[in-house]
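A short write-up of the structure that comes next.
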Amino acid sequence: MTGQSTLQIRNVSKRFDLGRGRSVQAVQDISFDVEQNSICVLLGPSGCGKSTVLRMMAGLETPTEGEIVIGGRTVDGPGRDRGMVFQAYTSFDWLSVRKNVEFGMKINGLPASERKDRTAHFIDLVGLTKFADAYPSQLSGGMRQRVAIARTLANGPEVLLMDEPFGALDAETRWLMQELMINVAEQTSTTMVIVTHDLEEAIFLADKIVFLSSHPGRLKEEIVPQFKNGKRIADKEKVVKLDGYSDLEAHLMRLMRQEGRENE
Amino acid sequence: MATNRFFGLRKPVGRRQRLVSAFGIWAVFFGVWIFASSAGLVNDLLVPAPQKVFATTWDLFWERGFASDVMISISRVVGAFAMACAVAVPLGVLMGAFPAIEAVFAPFVSAWRYLPAPSFIPILLMWFGTGEAPKLALLFIGVIFFLITLIMDHTKNVREELVETALTLGAGRSTVVMKVVFPAVLPNIVTAMRQMLAMAWTYLVIAEIVASTTGIGAMMMRARRFLKTDEILSGIIVIGALGLIFDLLFALLHRWAFPYLRKS
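Protein chains in written order, with this note's numbering: chain A, 1 to 264; chain B, 1001 to 1264.
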């Protein structure tokens, strides 16, 4: 981590118009930075607007107030500098794994030879080399998410945005995918912003946790998991055993529960 | 219960049972028909025996040039249907992808759907005379508005995440439509075409019965004048067989063109 921020969220608010003069405040005056090459986890109860914040980073939603800045430029619509992985499977079913991963580079006009190399590299990175010619419908849910991750990374984004990417996976697959993400982050030096409501996932992945409270979504606390000493450990079992893990988990549980009470 | 094996509530039946059942219902149908005509229960002039109908069909094809009528009918269906698809596919996809285009065409298209195509026959005859044009026009009118609506609806149902994925990979509007929305909806377009082709056959027969000297429908009307019920029934059987063949061709096309939809 360099400490230099790639992404700045500046006093961002989002109000959704529901029609007939009604509207709902989803996000209210949120500011934080995402450091270059770091993994930032947006955590919070449902309704805290964490997905909305992520979608605004992607340019899929526009802030009502405030701005989001990436590499000095204000975000204005989606772009290839911010790749996004969704919770729902987004593999293009009519394309093989290889063609899926190649897709972004192809539409952005990368030369074929470079495309080929990068495609092979990122398919290998997510461990799908054996399935490069398979269609997504022949793959398991976890493998489909790997395709989506490889496809996004191969496009060379400055930031990888992930919206509950492992929410639809079963527990053991989710665990493997979390460990994969640590390895990917180490090997590609990609800045990542990951939305989740899973405390374990947040603690394991995060260099920094941004906790949002709900209705409307506000920034409650920024937490750096100090017990990891600024290191990333790709073995979840080891992380769980570290001193300080359970304290942080208890702290996050308290925050979550507070939210639950306030919303009852 | 002992009856469960062949008669279970919502239990799928085996392949053999399905074949036996399907064969059985037709055997009963022809059995009743043969019995009724051979026992003299029905007027032989109005209900000829099935064997006579099949003999006539054979005779029509090999001795009396019925094949040319059949070819004319097929070319009318295929010609008019191809024209309808050439308009409906691009327009339906664009309407489904761009609400602004839908806003222009949907009010027009949905109104036309409530105008029964055969009601245009008198005016089509006055405009186009008795050549091929009025038949093609009737088929075109009868099919196109439903086809546009079906394709538009299928296009709208392409999952938003696929579109957003493409946007975050750096795709522009036209790339999203050409490279993601269109391939995603294509299998459903082929299914919609398959459904509408069956409707095209219906309009073909109407057109040929009302105003034609050639084609299967015209042959049947000629036969009526000479009280040839066997020829009329032959015509019905040939139309049914052609409908079935075209439906199977579409099913094969679907299988061949979209291998990725098959599991395993």
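C-beta atoms are modelled at their ideal positions from N, C-alpha and C, and glycine is treated no differently.
{"Item": "Residue interval of the beta strand (DSSP E) (run including E65/A)", "Value": "E65 to I70"}
{"Item": "Interface partners of K1179/B on chain A, CB under 8 Å", "Value": "F103 and I107"}
{"Item": "Within-8 Å CB hit, K1011/B to chain A", "Value": "no"}
{"Item": "Residues that R10/A bridges to, as DSSP identifies them", "Value": "E67/A"}
{"Item": "Chain-order list of residues whose beta-carbon lies under 7 Å from that of S137/A (same chain, five-residue window excluded)", "Value": "D93"}
{"Item": "Rounded separation between L1186/B and P1048/B - CA only", "Value": "45 Å"}
{"Item": "Residue burial classification, A1067/B (beta-carbon count within 10 angstroms, cutoff 16)", "Value": "exposed"}
{"Item": "Alpha carbon of W175/A to alpha carbon of K236/A, nearest angstrom", "Value": "8 Å"}
{"Item": "L252/A in three-state terms, based on DSSP", "Value": "helix"}
{"Item": "Test item: CB-CB of V1176/B and L1167/B under 8 Å", "Value": "yes"}
{"Item": "Contact set for F122/A: own chain, Cβ-Cβ below 7 Å, skip 5 residues either direction", "Value": "V101, A150, L153 and A154"}
{"Item": "Within-8 Å CB hit, T1253/B to chain A", "Value": "Note that residue 1253/B is Leu in the sequence shown here, rather than Thr. Not one chain A Cβ lies under 8 Å of L1253/B."}
{"Item": "Buried or exposed by the 16-neighbour rule on C-beta atoms within 10 Å, applied to L1261/B", "Value": "exposed"}
{"Item": "Chain-ordered chain B contacts of G83/A [CB-CB under 8 Å]", "Value": "T1168 and L1169"}
{"Item": "Residues near I1206/B in its chain [Cβ-Cβ closer than 6 Å; skip 5 each side]", "Value": "P1118"}
{"Item": "Alpha helix (DSSP H) runs wholly inside the stretch 214 to 259 of chain A, at least 4 long, in chain order", "Value": "236 to 241"}
{"Item": "Contact check, L7/A vs D29/A, beta carbons under 8 Å", "Value": "no"}
{"Item": "First through last residue of the beta strand (DSSP E) which encompasses T173/A", "Value": "Here T173/A belongs to no beta strand (DSSP E); instead the alpha helix (DSSP H) covers A171 to T188."}
{"Item": "Whether M1219/B touches E1231/B by CB criterion (8 Å)", "Value": "yes"}
{"Item": "Buried versus exposed call for I1123/B [16 or more other C-beta atoms within 10 Å across all chains shown]", "Value": "exposed"}
{"Item": "Whole-number beta carbon distance between F1250/B and M1193/B, since they are thought to touch under 8 Å", "Value": "7 Å"}
{"Item": "C48/A beta carbon less than 8 Å from that of G167/A", "Value": "no"}
{"Item": "Whole-angstrom distance between F1105/B and L42/A, CA atom to CA atom", "Value": "43 Å"}
{"Item": "Local Cβ density within 10 Å of Q145/A, reported as buried at 16 or more and exposed below that", "Value": "buried"}
{"Item": "Contacts that T90/A makes with chain B (C-beta to C-beta distance below 7 Å)", "Value": "E1161, L1162 and T1165"}
{"Item": "CB contact below 8 Å: T1175/B versus chain A", "Value": "yes"}
{"Item": "Selection of the stretch 145 to 166 of chain A by Cβ proximity to chain C, strictly under 7 Å", "Value": "No chain C appears in this structure, whose protein chains are A and B."}
{"Item": "Interface partners of P1099/B on chain A, CB under 7 Å", "Value": "Chain A residues near P1099/B: none, gap ~15 Å exceeds 7 Å."}
{"Item": "Q178/A, buried or exposed, once every other Cβ within 10 Å from all chains shown has been counted against 16", "Value": "buried"}
{"Item": "Cβ of D93/A within 8 Å of any chain B Cβ", "Value": "yes"}
{"Item": "Alpha-carbon to alpha-carbon, V126/A and T74/A", "Value": "31 Å"}
{"Item": "Short Cβ contact (8 Å threshold) for S1234/B with V1053/B", "Value": "yes"}
{"Item": "Whether E186/A touches R232/A by CB criterion (8 Å)", "Value": "yes"}
{"Item": "Cα-Cα separation between K99/A and K116/A, rounded to whole angstroms", "Value": "10 Å"}
{"Item": "Residue closest to A88/A, alpha-carbon to alpha-carbon, out of P165/A, L54/A and T196/A", "Value": "P165/A"}
{"Item": "Assigned exposure category for G244/A - 16 Cβ within 10 Å defines buried", "Value": "exposed"}
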